[in-house]
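Here's the structure we're looking at; comments come further down.
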Amino acid sequence: MVHVLSSRILLHPVDPERSRRFYGEWLALPVYREFGTGPERGTVYFLGGGFLEVSGRAPEPPVPGLELWLQVADVRAAHVELSGRGVEVLREPVREPWGLVEMWIRDPDGHRIVVVEVPAGHPLRYRP
87 MVHVLSSRIL LHPVDPERSR RFYGEWLALP VYREFGTGPE RGTVYFLGGG
137 FLEVSGRAPE PPVPGLELWL QVADVRAAHV ELSGRGVEVL REPVREPWGL
187 VEMWIRDPDG HRIVVVEVPA GHPLRYRP
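Here the numbering used here = 1-based position in the sequence shown + 86.
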């Protein structure tokens, strides 16, 4: 078995500054570390139990498929806050048949981000 010590999602956006504004200012993710210089420098953000690195530059928008899942304490409060910052909301908070409350947003390169609240009593809150 591979013993994973750390992990992160790597994004190479078309416009790195725009993506840093989105993740750093609009989503207000805290910065874990920064490296390099210039417009293609890297910024690594905390994602709860993981990290998101925005670095380099992609020549064109990425192929759809990558989605981020971000758990928050109160998705309705996140909706108000993010909408107020101009974040594109694809779908307002909805309680799904599986019990989670989900809102969908999009980053500047089109990656869908699912913002999730795990309500009290949901099985994800229990450890066997």
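Glycine included, each C-beta is placed from N, C-alpha and C at the ideal position.
In the three-state reduction of the DSSP assignment, Glu-182 falls in the coil class, being assigned neither a helical nor a strand state. Taking C-alpha positions only, Asp-101 is separated from Gly-196 by approximately 12 Å. Judged by their CB atoms, Arg-198 and Leu-176 are nearer to each other than the 8 Å cut-off. Relative to Phe-108, the option among Val-140, Ala-163, Pro-145 whose CA is nearest is Val-140. With a cutoff of 8 Å on beta-carbon distance, Val-187 and Pro-179 are scored as near each other. Taking all protein chains shown into account, Leu-133 has 16 or more neighbouring C-beta atoms within 10 Å of its C-beta and is therefore buried. A Cβ-Cβ distance of about 6 Å is found for the pair Val-161 and Val-201, placing them in contact under the 8 Å criterion.
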